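>
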Amino acid sequence: MEMPIPNADVIARKARVVSRLQDVLPPDAVIHDERETRAYECDALTAYRCPPMVAVLPSSTDEVSKVLRICFEEGVPVVPRGSGTSLAGGALPTADCVILGVARMNDVLDTDYDNRIIQVQTGRTNLSVTGAVEENGFFYAPDPSSQLACAIAGNIAMNSGGAHCLKYGVTTNNLMGVTMVMMDGEVVEVGGGHLDAGGLDLLGLICGSEGQLGVVTEATLRILPKPEGARPVLMGFDDNEVAGACVSDIIKAGVLPVAIEFMDRPCIEATEAFAKAGYPMCEALLIVEVEGSDAEIDHQLSLIMDIARRHNPVELRESKSAEESAKIWLGRKSAFGAMGQINDYMCLDGTIPVSSLPMVLRRIAEMSEQFGLKVGNVFHAGDGNMHPLILFDANKPGDLELCEEFGAEILKLCVEVGGCLTGEHGVGIEKRDLMHVQYAQADLEAQMIVKDVFDPAWLLNPAKVFPLDSSEARREMAVAAE
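For reference, each letter of the sequence shown is one residue, going 326 to 807 in our numbering.
Shown next, in the form of structure tokens:
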């Protein structure tokens, strides 16, 4: 298909913006060649692609401030980008935007072990935060499956969690403060190395705001002492609903594992072929891990395994070594990649009450039959954060649209049972037009008023989060008011 030829005004505007950006950034930090900008045309939701006008790679808060000031003066939309691992289209560009990537901003700025905090630039990857402190016996708790690649910037934008969030919470529970650059270039500090800031909870507002309010360039994070030990147990069941009921019973019993992870047969088979973790071939698999001293671990696992036995597991296997534990977790962390080797898929992210797990799993199976698309389930079962993987053929006309329709029905079901549209992937473009399912119009209006305050021109991360007709109307109002 031939690309449309830009008109003279568009060409002139791009040339002016590129020239101004080159005045404040090193030559290799401004990417404007059309062939090179294609590297930024999508994130991990690869079904949607759009090359940006320009991509920039600043190295400091000051450079970010200068970039945003230029874009503000030129009326150019800006899409913040961490590592591009968003599964909801959170970093999808528009054709007239500047992608602002923070990948070069990856330094550790300060470490305070006495107060258990670390300050980093937000381009630093999740796993490397732990890497910076583990020699001193500390770790950073949130651990998304993409933690090897995903950036702290994206974790803050989407309020990411991970397998161990059942015990340690998600990003918002481990974020102490941020440095954020507003759209007009103003730099603000929110929170810091203390427990709670006075006044409005602006930090809670910023975490999970998906780049709608500002660009977070530095973060103060909570680090924790590494536990004495940890041990997982594998539980195999011959039915998804039975496994869901086991999870519900563990939570009801008042036992708090550090993680409860769920995988069904399609995921087990794909993962075993990929990672060879030694998983049993069954219909549903749970990985339950506890932490503490040897005595604490033995006590907790005894209670958990007693609960599991009531559900007649086909396999119940406690890890006997650090090597076996690492292998068990390698399989779970490899699940998304393993599924990607065998099929195109769309990964959803809805949350539900844990007590609803058996019913929701049954309904997903029924809907799978109805839509004629297979589903692999892998998710954080302990906190009800579902990640159904809907398998489809990207080369088959109509399959993507059918997949999206199926996904919408699953997310509606999550809201119907008392959950919500997203747990850690964010809304992005994937769920923006489902926001009315969870929120009344008055609720959405209140959220958009907040964006009006932080980003009056509606230039930050356009066409995300809010229903498209609402966000476009807001942008038109902002332009008319200029």
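For glycine and all other residues, C-beta sits at the position ideal for the given N, C-alpha and C.
Just so it is clear, the structure is predicted and the values come from calculations on it, not from any experiment.
#1: Does G753 pass the burial test, meaning 16 or more other C-beta atoms within 10 Å, or should it be called exposed?
#2: Taking Cβ positions, are I735 and L785 nearer each other than 7 Å?
#3: Should the region 756-772 be called in touch with the region 789-796, which here means at least 3 C-beta pairs below 8 Å?
#4: Is the Cβ-Cβ distance between V404 and P383 less than 7 Å?
#5: Which residues bound the alpha helix (DSSP H) around H705?
#6: Can you list, in chain order, the stretches of the alpha helix (DSSP H) that have 4 or more residues and sit fully within the region 332-369?
#7: I'd like the ranges of any beta strand (DSSP E) spanning at least 3 consecutive residues and lying wholly in the region 594-644.
#8: With C-beta atoms as the reference, is I622 less than 7 Å away from L546?
#9: Less than 7 Å between the C-beta atoms of D358 and A416, yes or no?
#10: Taking the straight line between their C-alpha atoms, what separation do you get for I481 and T450?
#11: Of all the options F463, A337 and H705, which has the alpha carbon lying nearest to the alpha carbon of L491?
#12: Measure the alpha-carbon distance for A620 versus P552 and round it to whole angstroms.
#13: Do you know whose CA, among G510, Q537 and I689, lies nearest R406's CA?
#14: For E514, which residues does DSSP report across the bridge?
#15: On a Cα-Cα basis, can you pick out the residue from S573, E398, A333 and F587 that is closest to G487?
#16: Quick one: is I489 buried, meaning 16 or more other Cβ sit within 10 Å of its Cβ, or exposed?
#17: For A555, is the classification buried or exposed, using 16 other Cβ atoms within 10 angstroms of its Cβ as the cut-off for buried?
#18: Does the Cβ-Cβ distance between E648 and V558 come in under 7 Å?
#19: Is the region 566-580 touching the region 504-514 in the sense that three or more CB pairs, one from each, lie closer than 8 Å?
#20: According to DSSP, is M326 part of a helix, a strand, or is it coil?
#21: Nearest-angstrom Cα distance between Q772 and V804?
#22: According to the neighbour-count rule (16 or more other Cβ atoms, all chains shown, within 10 Å of its Cβ), is P722 buried or exposed?
#23: Considering only residues of the same chain and omitting the five flanking positions on each side of G707, which have a CB-CB separation below 6 Å?
#24: In its own chain, which residues sit with a C-beta less than 8 Å from the C-beta of R799, not counting the 5 before and 5 after it?
#25: Mind pulling the alpha helix (DSSP H) runs of 4 or more residues that sit fully within the region 430-509?
#26: Check L525 in the structure and name its three-state DSSP category.
#27: For N502 versus G517, is the C-beta spacing smaller than 7 Å?
#28: Verify whether the separation of the beta carbon atoms of I576 and I629 is less than 7 Å.
#29: In whole angstroms, what is the alpha-carbon distance linking T596 and V355?
#30: To the nearest angstrom, how far is the alpha carbon of G529 from that of T497?
#31: Under the DSSP definition of a beta bridge, which residues are partnered with R392?
#32: Can you name the start and end residues of the alpha helix (DSSP H) that E755 belongs to?
#33: Would you check if the region 724-732 and the region 454-471 touch, i.e. whether three or more CB-CB distances between them fall below 8 Å?
#34: Identify the continuous beta strand (DSSP E) that holds V427 and give its terminal residues.
#35: Just verifying my parser: in three-state terms, what is the DSSP assignment at D724?
#36: Does the distance from the C-beta atom of Q763 to that of V740 stay below 7 Å?
Based on what the coordinates show:
#1: The residue you call residue 753 lines up with position 428 of the sequence shown. When all chains shown are included, G753 counts as buried.
#2: Within the sequence shown, residue 735 is the residue found at index 410, counting from 1. Within the sequence shown, residue 785 is the residue found at index 460, counting from 1. Taking 7 Å as the Cβ cut-off, I735 and L785 do not qualify as a contacting pair.
#3: Cβ pair count under 8 Å is three or more, so yes.
#4: The count along the sequence shown starts at 1 and reaches residue 404 at position 79. The count along the sequence shown starts at 1 and reaches residue 383 at position 58. For V404 and P383, no; Cβs fall outside 7 Å.
#5: Locating residue 705 in the sequence shown gives position 380, where the first residue counts as 1. Judged by DSSP secondary structure, H705 falls outside any alpha helix (DSSP H) and instead within the beta strand (DSSP E) spanning V700 to H705.
#6: Residue ranges of uninterrupted alpha helix (DSSP H) with 4 or more members, entirely inside the region 332-369 and ordered along the chain, are 333-349 and 359-362.
#7: Counting whole runs of 3 or more residues, the region 594-644 contains the beta strand (DSSP E) stretches 609-616 and 640-643.
#8: By one-based count along the sequence shown, residue 622 stands at place 297. By one-based count along the sequence shown, residue 546 stands at place 221. The answer is no: Cβ separation not under 7 Å.
#9: Residue mapping note: residue 358 aligns to position 33 of the sequence shown, counting from 1. Residue mapping note: residue 416 aligns to position 91 of the sequence shown, counting from 1. No. Outside cutoff.
#10: Taking the first residue of the sequence shown as position 1, residue 481 is located at position 156. Taking the first residue of the sequence shown as position 1, residue 450 is located at position 125. Answer to the nearest angstrom: the Cα atoms are 12 Å apart.
#11: Translated into positions along the sequence shown, residue 491 becomes position 166. For L491, the nearest C-alpha among the options comes from H705.
#12: In the sequence shown, counting from the first residue as 1, residue 620 sits at position 295. In the sequence shown, counting from the first residue as 1, residue 552 sits at position 227. Cα to Cα, A620 sits roughly 13 Å from P552.
#13: Residue numbering aside, residue 406 sits at position 81 when the sequence shown is read from its first letter. Here the closest residue by C-alpha is Q537.
#14: Counting from 1 along the sequence shown, the entry for residue 514 is found at position 189. Partner(s): T504.
#15: Mapped onto the sequence shown, residue 487 falls at position 162. When only C-alpha atoms are compared, the closest one is F587.
#16: Mapped onto the sequence shown, residue 489 falls at position 164. Ile is not the amino acid found at residue 489; the sequence shown has His there. With 16 or more Cβ atoms within 10 Å of its Cβ, H489 is classed as buried.
#17: If you number the sequence shown from 1, residue 555 lands on position 230. Buried, because 16 or more other Cβ atoms sit within 10 Å of the Cβ of A555.
#18: By 1-based counting over the sequence shown, the position of residue 648 is 323. By 1-based counting over the sequence shown, the position of residue 558 is 233. Result no, Cβ atoms of E648 and V558 do not sit closer than 7 Å.
#19: Of all C-beta pairs linking the region 504-514 to the region 566-580, fewer than three are shorter than 8 Å, placing the two stretches out of contact.
#20: On the sequence shown, position 1 is the one that residue 326 refers to. Unreliable positioning characterises M326 in this predicted model, as indicated by a pLDDT of 41, which lies under 50. The coordinate reading is nonetheless provided below. M326: coil per DSSP, three-state reduction.
#21: Counting from one through the sequence shown, the residue named residue 772 turns up at place 447. Counting from one through the sequence shown, the residue named residue 804 turns up at place 479. Cα to Cα, Q772 sits roughly 20 Å from V804.
#22: The residue labelled residue 722 in the question sits at position 397 within the sequence shown. Classification of P722: exposed, given that the 10 Å Cβ count is below 16.
#23: Taking the first residue of the sequence shown as 1, we reach residue 707 at position 382. Excluding positions up to five away in sequence, the list reads L491 and I585.
#24: Translated into the one-based positions of the sequence shown, residue 799 becomes position 474. Shown here for R799: same chain residues with a beta carbon closer than 8 Å to its own, the five before and five after excluded, namely M773, K776, D777, W783 and F791 in chain order.
#25: If only complete runs of 4 or more residues are kept, the region 430-509 shows the alpha helix (DSSP H) at 451-458, 477-483 and 490-493, in order along the chain.
#26: Here residue 525 corresponds to residue number 200 of the sequence shown, with the count starting at 1. In the structure shown, L525 sits in coil (DSSP, three-state: anything other than H, G, I, E or B).
#27: Within the sequence shown, numbered from 1, the residue matching residue 502 stands at position 177. Within the sequence shown, numbered from 1, the residue matching residue 517 stands at position 192. It should be pointed out that residue 502 corresponds to Gly in this sequence rather than to Asn. Contact: yes.
#28: Position 251 of the sequence shown holds residue 576. Position 304 of the sequence shown holds residue 629. Contact: no.
#29: Here residue 596 corresponds to residue number 271 of the sequence shown, with the count starting at 1. Here residue 355 corresponds to residue number 30 of the sequence shown, with the count starting at 1. In a straight line, the C-alpha of T596 is about 40 Å away from that of V355.
#30: Along the sequence shown, read from residue 1 onward, the residue named residue 529 stands at position 204. Along the sequence shown, read from residue 1 onward, the residue named residue 497 stands at position 172. Take the alpha-carbon of G529 and the one of T497: they are about 7 Å apart.
#31: For the purposes of this step, residue 392 is identified with residue 67 of the sequence shown, where counting begins at 1. Per the sequence shown, the amino acid found at residue 392 is Val instead of Arg. As DSSP reads the structure, V392 sits in no beta bridge.
#32: Start at 1 with the first residue of the sequence shown, and residue 755 comes out as number 430. Segment: none, E755 is in no alpha helix (DSSP H) and carries neither H nor E.
#33: Counting C-beta pairs with one atom in each stretch, the region 454-471 and the region 724-732 have fewer than three that are closer than 8 Å, which means they do not touch.
#34: Counted from its first residue, the sequence shown places residue 427 at position 102. Premise fails: V427 is in no beta strand (DSSP E) and is neither H nor E.
#35: Taking the first residue of the sequence shown as 1, we reach residue 724 at position 399. Note: D724 maps to helix in three-state DSSP.
#36: The sequence position of residue 763 within the sequence shown is 438, counting from 1. The sequence position of residue 740 within the sequence shown is 415, counting from 1. Yes, Cβ-Cβ distance for Q763 and V740 is below 7 Å.
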